[in-house]
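Let me begin by presenting the structure, written as structure tokens, before commenting on it.
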Amino acid sequence: MPPPDSTDRERKLLLAVDAPSLLHRNHHARLESGLLDRGGRPAWALHGMLRQIIEAIEMFAPDAVIFGIDDRAESWRESIYPGYKAGRAPKDAALVDQLERAGALLDALGMATLTPPGLEADDVNASAATWAKRNDWNCVIITSDRDSFAHISDHTQVLRLINGGMASSPLLNPARLRALYGVDATNYLDFAALRGDASDNLPGVPGIGEKTAPVLLDQMGSMAAVWADIDHCGGATMVAALDSWAAENGVRRLGATLLKRLTAPGARERYAFNLQLMGGRDDLDLRLTPDVPGTPGLLPLEVDRVARVLGHLNVPETTVMAMRVLTGAPASAATAW
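So the sequence shown is numbered by numbering that gives the first Met the number 0: it starts at 0 and just counts up by one.
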């Protein structure tokens, strides 16, 4: 992971954590450990999640942490698209047990958690980015889900978890996102809606993928401009812009081909549907009260809580690390961002 940007760290920092994402990854990575808590229940995913978050807190020195948790009882997305995430393997019973216990464990620790009715951790991430901008904080979202890239801005970065843990995961800001995908952060959601997402069982617009979508968005500025041009000019401006780009770059002209694909039956509807499901909610009440010391999510945490909760997971070295990192001096004393 590259070092945090040296932009204005006078802002306080909110860490927004996609708890299910970390639990899934740690379940598979630590399954062979067979770790049980002091009550004899599976704890390897819970321990792995907390270990990574302790590492992240030490790395970023946040002032507050909030965990987004999926509502496992109902899903707004599945209600309008029963095929949402279809095809994924059934969850192991031990993983389900730890997913269901995660909220209570984090609450006991003194962290802030939010399980929005019918929604997912993605919606909490989006709302955290909005909250940070509105309150002039910085935000780092920790997740393996690419949907959060749409929330990258001057206030928000995304630590995209990959194999190798926190230290090996890329920290994406607007410049790094563009270098990686060829799109501005403000256009990432349009890009994703065009491309689709196989992991969520969301097909993209046929014939428009990761190579052509960035060119289209770069030349036209946004999909709103693309659809307006198609509606009012038959796509003439788009075709001319794309063909000019092709000539400058010595590649085959693609304007007419993309126009045909975008105006094919169902193409616009597919894009709009993906946009609806991927965009989610960004206006949830996070219930964060940074002006009230001791409220959930604010660091440092209470010594007794940390000792009790981490001790229950039965990994002494993690408890020692947690006591040092989570109960120390206020994170706002840090200067790096």
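Glycine is no exception: its CB is placed at the ideal position from the N, C-alpha and C atoms.
Quick caveat, the model's predicted, so the values are computed rather than measured.
Classification of Gly-47 by the beta-carbon crowding that lies within 10 angstroms, buried from 16 upward: As a working note, residue 47 is residue 48 in the sequence shown. Burial call: buried.
Three-way DSSP call (helix, strand, coil) for Ala-107 in this model: Counted from its first residue, the sequence shown places residue 107 at position 108. Three-state DSSP puts Ala-107 in a helix.
Anticipated Cβ contact below 8 Å, Asp-17 with Ser-126, distance rounded: As a first step, residue 17 is located in the sequence shown; it is residue number 18 there, counting from the start. As a first step, residue 126 is located in the sequence shown; it is residue number 127 there, counting from the start. Asp-17 to Ser-126, Cβ: 12 Å. No contact.
Residues bridged to Ala-240 (per DSSP): Position 241 of the sequence shown holds residue 240. Its beta-bridge partners do not exist; DSSP assigns none.
Closest by C-alpha distance to Leu-42, when choosing among Met-222, Ser-147, Gly-117 and Leu-94: Here residue 42 refers to the residue found at position 43 of the sequence shown. Looking at the sequence itself, residue 42 is Ala, so the reference to Leu does not match. Closest option to Ala-42, Cα to Cα, is Leu-94.
Contact the segment 51–62 vs the segment 158–173: 3+ CB pairs below 8 Å: yes
Whole runs of the alpha helix (DSSP H) within the segment 73–151, excluding any shorter than 4 residues: 75–79, 92–108 and 120–133
Whole-angstrom distance between Arg-307 and Asp-36, CA atom to CA atom: Within the sequence shown, the letter at position 37 stands for residue 36. Within the sequence shown, the letter at position 308 stands for residue 307. Cα to Cα, Asp-36 sits roughly 12 Å from Arg-307.
Cβ distance (whole Å) where Leu-201 is taken to contact Asn-273 below 8 Å: As a first step, residue 201 must be located in the sequence shown, where it is residue number 202. As a first step, residue 273 must be located in the sequence shown, where it is residue number 274. So it is a contact: roughly 5 Å between Cβ atoms.
Contact check, Arg-10 vs Trp-136, beta carbons under 8 Å: The count along the sequence shown starts at 1 and reaches residue 10 at position 11. The count along the sequence shown starts at 1 and reaches residue 136 at position 137. Yes; because the gap between Cβ atoms is below 8 Å, this pair is in contact.
Contacting residues, own chain, Cβ-Cβ under 7 Å from Phe-59 (five flanking each side not counted): By one-based count along the sequence shown, residue 59 stands at place 60. For Phe-59, where only same-chain residues beyond five positions count, the Cβ hits under 7 Å are Pro-3, Leu-12, Leu-14 and Val-139.
Cβ separation of Leu-188 and Met-277, assumed to be a contact under 8 Å, to the nearest whole Å: If you number the sequence shown from 1, residue 188 lands on position 189. If you number the sequence shown from 1, residue 277 lands on position 278. With 8 Å as the limit, Leu-188 and Met-277 qualify as a contact, their Cβ atoms being about 6 Å apart.
Beta bridge counterpart(s) of Ile-53 as assigned by DSSP: Along the sequence shown, one-based indexing puts residue 53 at 54. Answer by DSSP bridge pairing: none, since Ile-53 is not bridged.
Identity of the residue in Met-320, Ser-243 and Ile-56 nearest Arg-252 by Cα: For the purposes of this step, residue 252 is taken as the residue at position 253 of the sequence shown. It is Ser-243 whose Cα lies nearest to the Cα of Arg-252.
Inter-residue Cα distance where the pair is Ala-101 and His-311: Along the sequence shown, one-based indexing puts residue 101 at 102. Along the sequence shown, one-based indexing puts residue 311 at 312. About 13 Å.
Where Pro-213 falls: helix, strand or coil (DSSP): Counting from 1 along the sequence shown, the entry for residue 213 is found at position 214. In this structure, Pro-213 counts as helix in the three-state DSSP scheme.
Nearest candidate by alpha-carbon position, reference His-154, set Asp-122, Asn-134 and Leu-309: In the sequence shown, residue 154 corresponds to position 155, counting from 1. Of the listed residues, the one whose Cα sits closest to His-154 is Asn-134.
Three-state secondary structure (DSSP) of Ile-229: For the purposes of this step, residue 229 is taken as the residue at position 230 of the sequence shown. The answer is helix: DSSP assigns Ile-229 an H, G or I state.
Residue range of the unbroken alpha helix (DSSP H) whose run includes Arg-71: Residue mapping note: residue 71 aligns to position 72 of the sequence shown, counting from 1. Where Arg-71 is concerned, there is no enclosing alpha helix (DSSP H), given that its DSSP letter is neither H nor E.
Exposed unless 16 or more other CB atoms sit within 10 angstroms - verdict on Thr-262: Position 263 of the sequence shown, counting from 1, holds the residue named residue 262. That one is exposed.
Separation of Asp-91 from Leu-30, as counted between CA atoms: Along the sequence shown, read from residue 1 onward, the residue named residue 30 stands at position 31. Along the sequence shown, read from residue 1 onward, the residue named residue 91 stands at position 92. Answer to the nearest angstrom: the Cα atoms are 11 Å apart.
4 or more residues per run - each alpha helix (DSSP H) lying fully within the segment 300–330: 302–311 and 315–325
Whole-angstrom C-beta distance between Leu-21 and Gln-97, which should lie under 8 Å: The sequence position of residue 97 within the sequence shown is 98, counting from 1. The sequence position of residue 21 within the sequence shown is 22, counting from 1. Contact doesn't hold; Cβ gap of about 11 Å is too wide.
Cβ separation of Gly-296 and Val-123, assumed to be a contact under 8 Å, to the nearest whole Å: Locating residue 296 in the sequence shown gives position 297, counting from the first residue. Locating residue 123 in the sequence shown gives position 124, counting from the first residue. Not really, about 12 Å apart at Cβ, beyond 8 Å.
Beta-carbon proximity of Thr-114 to Asp-70, cut-off 8 Å: Residue 114 sits at position 115 when you count from the first residue of the sequence shown. Residue 70 sits at position 71 when you count from the first residue of the sequence shown. Yes, Cβ-Cβ distance for Thr-114 and Asp-70 is below 8 Å.
Of the listed residues Asp-228, Ser-198, Leu-241 and Asp-230, nearest to Thr-211 (C-alpha basis): For the purposes of this step, residue 211 is identified with residue 212 of the sequence shown, where counting begins at 1. Nearest option by C-alpha distance: Leu-241.
Within 8 Å, strictly: CB atoms of Val-305 and Ala-321: As a first step, residue 305 must be located in the sequence shown, where it is residue number 306. As a first step, residue 321 must be located in the sequence shown, where it is residue number 322. Contact flag set, yes.
Member of Gly-279, Arg-76 and Glu-99 whose CA lies at the smallest distance from the CA of Ile-68: In the sequence shown, residue 68 corresponds to position 69, counting from 1. If we check each option's Cα against that of Ile-68, Glu-99 comes out closest.
Close beta carbons around Ser-221, own chain, < 7 Å, minus the five adjacent residues each side: In the sequence shown, residue 221 corresponds to position 222, counting from 1. The answer, listed in chain order, is Asn-186 and Asp-189.
Nearest residue (CA-CA) to Pro-289, options Pro-213, Asp-217, Ala-55 and Met-110: In the sequence shown, residue 289 corresponds to position 290, counting from 1. Here the closest residue by C-alpha is Met-110.
Close Cβ partners of Glu-73 (< 8 Å) along its chain, the five nearest in sequence each way excluded: Here residue 73 is taken as the residue at index 74 of the sequence shown, counted from 1. Closer than 8 Å at Cβ, skipping near neighbours: Pro-116 and Gly-117.
Cβ neighbour criterion (16 or more within 10 Å) applied to Asn-248: Here residue 248 refers to the residue found at position 249 when the sequence shown is read from its first residue. Looking at its Cβ environment, which holds fewer than 16 other Cβ atoms inside 10 Å, Asn-248 is exposed.
C-alpha gap between Gly-327 and Leu-298, whole angstroms: Here the question's residue 327 lines up with position 328 in the sequence shown. Here the question's residue 298 lines up with position 299 in the sequence shown. About 8 Å.
Rounded C-alpha distance that separates Arg-385 from Ser-32: The requested residue 385 is not part of the displayed model; the chain covers only 0 to 336.
Own chain partners of Asp-228 with C-beta closer than 8 Å, once the 5 adjacent residues on each side are dropped: For the purposes of this step, residue 228 is taken as the residue at position 229 of the sequence shown. So the list reads Met-219, Gly-234, Ala-235, Thr-236 and Met-237, once near-sequence residues are dropped.
Exposure of Leu-325, with buried meaning 16 or more beta-carbon neighbours within 10 Å: Taking the first residue of the sequence shown as position 1, residue 325 is located at position 326. It is buried - the Cβ of Leu-325 has at least 16 other Cβ atoms within 10 Å.
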